[in-house]
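The opening residue of the sequence shown carries number 3 in my numbering; numbering runs sequentially from there. Ideal placement from N, C-alpha and C gives every residue a C-beta, glycine not left out. Data first, discussion second: the structure below is written as structure tokens.
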Amino acid sequence: MNKNDQKTIGQALVGVDFNVSGSHEVTQVKQALAGVIDTLHGLPKGSTDLEFIVNTAIGSVITAQMWVVKALTYDKWVK
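Shown next, in the form of structure tokens:
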């Protein structure tokens with residue numbers, strides 16, 4: 003994906019273009035979790051309860067993505 007391509011909301015939220023390590027695994031994880039966020043974001047908004055659940059789930063996916071990236075790159079940065 004280049005900078006002129008339109009990103010999905012999931013790709014923007016996980017920062018698919020930010021991969022300092024250059025790790026293929028990091029790229030795969032970010033794309034996969036971006037897809038999860040896109041699925042959640044695409045759910046019909048029917049009630050404030052559902053919106054709260056979806057927003058909480060999206061926040062949790064973003065947090066999980068950050069921790070997965072830390073786990074995948076831990077050995078590279080900590081010696």
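Check this for me: beta carbons of V31 and V71, under 8 Å apart or not?
Translated into positions along the sequence shown, residue 31 becomes position 29. Translated into positions along the sequence shown, residue 71 becomes position 69. Yes; because the gap between Cβ atoms is below 8 Å, this pair is in contact.
Using a 10 Å radius around the Cβ and a threshold of 16 neighbouring Cβ atoms, would you call F12 buried or exposed?
Within the sequence shown, residue 12 is the residue found at index 10, counting from 1. Residue identity differs from the one stated: residue 12 is Gly in this sequence, not Phe. The residue is buried, with at least 16 neighbouring Cβ atoms inside 10 Å.
Taking only the alpha-carbon atoms, compute the straight-line gap between H43 and L15 and give it to the nearest angstrom.
Numbered from its first residue, the sequence shown carries residue 43 at position 41. Numbered from its first residue, the sequence shown carries residue 15 at position 13. Their Cα atoms are separated by approximately 11 Å.
Smallest Cα separation from G37: which of K9, K47, W69, D51?
Locating residue 37 in the sequence shown gives position 35, counting from the first residue. Closest by alpha carbon: K9.
How many angstroms separate the CA atom of P46 from the CA atom of L74?
By one-based count along the sequence shown, residue 46 stands at place 44. By one-based count along the sequence shown, residue 74 stands at place 72. L74 has its alpha-carbon roughly 34 Å from the corresponding atom of P46.
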